[in-house]
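**Q** One line per chain: the protein sequences are A and B, in this order. In this text, residue positions in the first sequence follow our numbering: the first is 1, and each later residue adds one. In this text, residue positions in the second sequence follow our numbering: the first is 1001, and each later residue adds one. Sharing a structure here in structure tokens format.
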Amino acid sequence: MNTRRQPDQALPVVTSAVGKKYRRGWALRETTLVIPRNRVVALVGPNGAGKSTLMGLITGLLRPTTGGITVFGDHPTGKGLHPAVSYLAQQKPLYQHFTVTETLTFGARTNPTWDQGYAEHLVAQAGVPMGAKVGTLSGGQRTRVSLALALGKRPKLLLLDEPLAELDPLARETVLRALITEARDQHITVVLSSHVLAELEGVCDHLVLLHNGRILLAGDVRDLSASGVPLGQLALDRMRAAAQEEAA
Amino acid sequence: MIWTSWRLQRLQLLTLLGMLVVGAAAIVLLRSNMVDTITSTGLAQCVTQDVKDCTASEAMTDFRAAWSNLFYLGQAAILGLPALVGVFIGAPLFARELEQGTHVLAFTQSVSRTRWMVSKLVVALVPAVIVLAVLQYLVWWWLSSAGALGPLNNGPYNAINFSIAHASPVGYALFAFALGTFLGVVSRRTLVAMTAGLAAFIAMRFALSAVVDRFAPTQRMETTGDKSLGVETDGSLVLGRGWLDAAGLPVPEDRARTLIQACKAPTGAKPSQEEFLACLPRSGLAKRYAYYIPESQAWQVHLVDLAVFGVLAGLLLVGTAWALRRQS
């Protein structure tokens, strides 16, 4: 632990020409990217653009084929997640036969930085009964429990892979609102991935647009929209241009 | 992490505890019942004596008719437990997590994969081995009070007796467990790991049963052709036997058979036993020899058995760890 630098001394994520190749081909090509502090980052791209791969590399679940990556100054190794990083996978995996209480106990037992009071507060705020089995909860409630588990370890960087997929519009809105409130109050950098920019457009202040394993656009929304072109239109134009380039 | 592993294994651990309580109670009751029967029917002296010297032959037949199926049941429980450990504890241990994606949950907490894996392995395996060892001891305690009236009369090298004695069941359980976890991690499917693990375990048990004898320390004895070697009947495990010529070199098996055949019927008329025995050394069959392991050395064979299955289990666990480290 001594080798790990303090989270506030380094940027959440810095990648230098990081790439990942699977047997079927490159999922992410030589990507150089910096995720600044205290941002809500929208990681947007069509299916198969490399969003989950990029998140896997940041968590250390995947090893880069080329290049390097640092998370708060450390190299992700796969020996457990960096204490300052939380990750919520796309399937929102939870032990189905655990109760909500047991799920939080699991968080407490596997994370030294766990804040039980905060996690319980988040669950209560979502109106999820503590005694309920996770398997009996609705999609929205399960997402809120997953979020409580992710936030309970008091991360400085929260990675959410398609957190809003499979949620109804109302649940989407409440989950997103709860998430953004926590992020702003606790000064957490949040990276949300989605293939729909529209659902994140109102809340994100930093955009990373991925297409076919390449970054098409990255920067603060304020700078990107300085030209006056709406963000959605800008993203679509870039993707069209990239598609034409590939076809040529 | 220990708490998590215990919570995830709760069903299996409670089942094990139930098996231990029910099994132990059943064995204690059966044994006391059996001891009563033995004393009331006057069979007490037949327990320690050679069966041939047992005078109460009718009571013995009745006793065996009444108890032999129960003995088989007790033996079958210890014979089958290692396979059950592999199928219901080893195979689902990682396969279920990989199948449901919950390994991602574990891998993204602040716990290393190695610690996660070791704590799961220990919490699943140690109680299973303890329950197996206790039940095995109780079954042995029950069977040994039947003595010569029970299956232990068949000697320690009887296939079933050997499989349920000393360190062997623990070795089989370690192997079955490791095989289950390995197949679970490789296949990522609980059902595949359970069925393939069971099939592979049974196949390996049969395949290795002959191999184990070869690694055990053997003794050699020689005797002249007219005397019996004795090892065939005293409960020893005979691994090889044959004839030696006058120079002390082994005679090939088919040649020895031809020579014996020639001595049995030299001129058509059947020779007397003395003539036959005198004919053997003249034909070049001077001595008989045997490689064997005495009954009292059975523990050595059990240790070899444990070592063989234990080493295989260790390799499979290393394979499991390797596959889990590569897992994304």
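Each residue gets a CB set at the ideal place from its N, CA and C atoms; glycine is no exception. The structure displayed is predicted, hence computed values, not measured ones.
Would you say T101 of chain A faces chain B, with C-beta separation under 8 angstroms as the test?
**A** Here residue 101 of chain A corresponds to residue number 101 of the first sequence, with the count starting at 1. No, T101 of chain A lies away from the interface with chain B (no Cβ there is under 8 angstroms from its Cβ).
**Q** For the stretch 89–100 of chain A, which residues have a beta carbon sitting closer than 8 angstroms to at least one beta carbon of chain B?
**A** Listed by position along the chain: A89, Q91, P93, L94, Y95, Q96 and F98.
**Q** Taking the alpha carbon of T1102 of chain B as the point to measure from, which residue in B:L1280, B:Y1289 and B:W1116 has its own alpha carbon closest?
**A** Counting from 1 along the second sequence, the entry for residue 1102 of chain B is found at position 102. Checking every option, the nearest Cα to that of T1102 of chain B belongs to B:W1116.
**Q** I'd like the span of the beta strand (DSSP E) that includes Y293 of chain A, first residue to last.
**A** Outside the displayed span of chain A (1 to 248) sits residue 293 of chain A, for which this structure offers no information.
**Q** How big is the Cα-Cα spacing for T31 of chain A and M55 of chain A?
**A** As a working mapping, residue 31 of chain A is identified with position 31 in the first sequence. As a working mapping, residue 55 of chain A is identified with position 55 in the first sequence. Cα to Cα, the separation comes out at about 13 angstroms.
**Q** In this structure, does DSSP put Q1045 of chain B in helix, strand or coil?
**A** Counted from its first residue, the second sequence places residue 1045 of chain B at position 45. The answer is helix: DSSP assigns Q1045 of chain B an H, G or I state.
**Q** Would you say F1206 of chain B reaches chain A, if we count a Cβ-Cβ gap shorter than 8 angstroms as a contact?
**A** Taking the first residue of the second sequence as 1, we reach residue 1206 of chain B at position 206. No, F1206 of chain B does not count as interfacial toward chain A.
**Q** If contact means a Cβ-Cβ distance below 9 angstroms, which residues of the stretch 1104–1118 of chain B contact chain A?
**A** So the list reads V1104, L1105, A1106, F1107, T1108, Q1109, S1110, V1111, S1112, R1113, T1114, R1115 and W1116, given in the order they occur along the chain.
**Q** Taking only three categories from DSSP, how would you classify P169 of chain A?
**A** As a first step, residue 169 of chain A is located in the first sequence; it is residue number 169 there, counting from the start. Residue state, collapsed to three classes: helix.
**Q** Using a beta-carbon distance below 8 angstroms, is P112 of chain A in contact with chain B?
**A** Numbered from 1 along the first sequence, position 112 holds the residue referred to as residue 112 of chain A. Judged by the 8 angstroms Cβ criterion, P112 of chain A is in contact with chain B.
**Q** What is the residue span of the beta strand (DSSP E) that I1293 of chain B lies within?
**A** Taking the first residue of the second sequence as position 1, residue 1293 of chain B is located at position 293. K1287 to I1293 is the extent of the beta strand (DSSP E) around I1293 of chain B.
**Q** So is P112 of chain A buried or exposed if we call it buried at 16+ other beta carbons inside 10 Å?
**A** By one-based count along the first sequence, residue 112 of chain A stands at place 112. P112 of chain A comes out exposed.
**Q** Taking just the CA atoms, how far does A1077 of chain B sit from I1038 of chain B?
**A** Position 38 of the second sequence, counted from the start, is the residue given in the question as residue 1038 of chain B. Position 77 of the second sequence, counted from the start, is the residue given in the question as residue 1077 of chain B. So the two alpha carbons sit approximately 24 angstroms from each other.
**Q** Quick check on DSSP: helix, strand or coil for D1053 of chain B?
**A** As a first step, residue 1053 of chain B must be located in the second sequence, where it is residue number 53. In the structure shown, D1053 of chain B sits in a helix (DSSP, three-state: H, G or I).
**Q** How big is the Cα-Cα spacing for H211 of chain A and S227 of chain A?
**A** In the first sequence, residue 211 of chain A corresponds to position 211, counting from 1. In the first sequence, residue 227 of chain A corresponds to position 227, counting from 1. Distance between the alpha carbons of H211 of chain A and S227 of chain A: 22 angstroms.
**Q** Exposed or buried, which one is K1270 of chain B when buried takes at least 16 other CB atoms within 10 Å?
**A** Here residue 1270 of chain B corresponds to residue number 270 of the second sequence, with the count starting at 1. The residue is exposed, with fewer than 16 neighbouring Cβ atoms inside 10 Å.
**Q** Helix or strand or just coil, what does DSSP make of H206 of chain A?
**A** Here residue 206 of chain A refers to the residue found at position 206 when the first sequence is read from its first residue. The answer is strand: DSSP assigns H206 of chain A an E or B state.
**Q** Contact between the stretch 1182–1189 of chain B and the stretch 1308–1323 of chain B: three or more CB pairs below 8 angstroms?
**A** A contact exists between the stretch 1182–1189 of chain B and the stretch 1308–1323 of chain B.
**Q** Using a C-beta cutoff of 8 angstroms, does W1006 of chain B count as contacting chain A?
**A** Looking up residue 1006 of chain B in the second sequence gives position 6. Chain A, which has no Cβ nearer than 8 angstroms to the Cβ of W1006 of chain B, makes this no.
**Q** Go ahead and pull the three-state DSSP assignment for I1002 of chain B.
**A** Here residue 1002 of chain B corresponds to residue number 2 of the second sequence, with the count starting at 1. Three-state result, I1002 of chain B: helix.
**Q** To the nearest angstrom, how far is the alpha carbon of Q244 of chain A from that of P46 of chain A?
**A** Counted from its first residue, the first sequence places residue 244 of chain A at position 244. Counted from its first residue, the first sequence places residue 46 of chain A at position 46. Rounded to whole angstroms, Q244 of chain A to P46 of chain A spans 16 angstroms at the Cα level.
**Q** Are the CB atoms of S16 of chain A and G68 of chain A nearer to each other than 8 angstroms?
**A** Counting from one through the first sequence, the residue named residue 16 of chain A turns up at place 16. Counting from one through the first sequence, the residue named residue 68 of chain A turns up at place 68. Against a cut-off of 8 angstroms, the Cβ pair of G68 of chain A and S16 of chain A comes out as a contact.
**Q** According to DSSP, is L28 of chain A part of a helix, a strand, or is it coil?
**A** The residue labelled residue 28 of chain A in the question sits at position 28 within the first sequence. Strand at L28 of chain A.
**Q** At the level of alpha carbons, what is the spacing between L209 of chain A and A1128 of chain B?
**A** To locate residue 209 of chain A, count along the first sequence from 1; it is residue 209. To locate residue 1128 of chain B, count along the second sequence from 1; it is residue 128. For L209 of chain A and A1128 of chain B, the distance between alpha carbons rounds to 52 angstroms.
**Q** Could you name the residues of the same chain whose beta carbon sits closer than 8 angstroms to that of S1272 of chain B, not counting the 5 residues immediately before and after it, in chain order?
**A** Taking the second sequence and counting its residues from 1, one reaches residue 1272 of chain B at position 272. Closer than 8 angstroms at Cβ, skipping near neighbours: no residue.
**Q** Measuring alpha carbon to alpha carbon, tell me which residue in A:V175, A:K156, A:R154 and A:L170 is nearest P163 of chain A.
**A** Counting from one through the first sequence, the residue named residue 163 of chain A turns up at place 163. Considering only alpha carbons, the answer is A:V175.
**Q** What does a CB cutoff of less than 7 angstroms around E1253 of chain B pick up in its chain, not counting 5 residues either side in sequence?
**A** In the second sequence, the residue the question calls residue 1253 of chain B occupies position 253. Correct list, in chain order: G1242.
**Q** With a Cβ-Cβ cutoff of 8 angstroms, do L88 of chain A and L160 of chain A count as a contact?
**A** Translated into positions along the first sequence, residue 88 of chain A becomes position 88. Translated into positions along the first sequence, residue 160 of chain A becomes position 160. Contact flag set, yes.
**Q** Mind pulling the chain A residues with CB within less than 9 angstroms of Q1100 of chain B?
**A** As a position in the second sequence, residue 1100 of chain B is number 100, starting the count at 1. By Cβ distance, chain A contributes Q91, P93, Y95 and Q96.
**Q** Would you mind stating whether T1041 of chain B and F1071 of chain B have Cβ atoms separated by less than 8 angstroms?
**A** Position 41 of the second sequence, counted from the start, is the residue given in the question as residue 1041 of chain B. Position 71 of the second sequence, counted from the start, is the residue given in the question as residue 1071 of chain B. Contact: no.
**Q** Output the distance between the C-alpha atoms of T3 of chain A and H75 of chain A, rounded to the nearest integer angstrom.
**A** In the first sequence, counting from the first residue as 1, residue 3 of chain A sits at position 3. In the first sequence, counting from the first residue as 1, residue 75 of chain A sits at position 75. Unreliable placement is indicated for T3 of chain A, whose pLDDT of 45 sits below 50; no coordinate value is reported for it.
**Q** In three-state DSSP terms, what is E201 of chain A?
**A** For the purposes of this step, residue 201 of chain A is taken as residue 201 along the first sequence, with counting starting at 1. It is helical.
**Q** Closest to D1213 of chain B by C-alpha separation, out of B:Q1300, B:E1274 and B:L1259, would be which residue?
**A** As a first step, residue 1213 of chain B is located in the second sequence; it is residue number 213 there, counting from the start. It is B:Q1300.
**Q** Considering just the uninterrupted stretch of the beta strand (DSSP E) at W1243 of chain B, what are its terminal residues?
**A** Along the second sequence, one-based indexing puts residue 1243 of chain B at 243. From DSSP, the beta strand (DSSP E) with W1243 of chain B extends over L1237 to L1244.
**Q** Could you give the DSSP three-state label for H1302 of chain B: helix, strand or coil?
**A** Indexing the second sequence from 1 puts residue 1302 of chain B at position 302. H1302 of chain B: helix per DSSP, three-state reduction.
**Q** Secondary structure at Y118 of chain A, three-state DSSP: helix, strand or coil?
**A** Taking the first residue of the first sequence as 1, we reach residue 118 of chain A at position 118. Correct three-state label for Y118 of chain A: helix.
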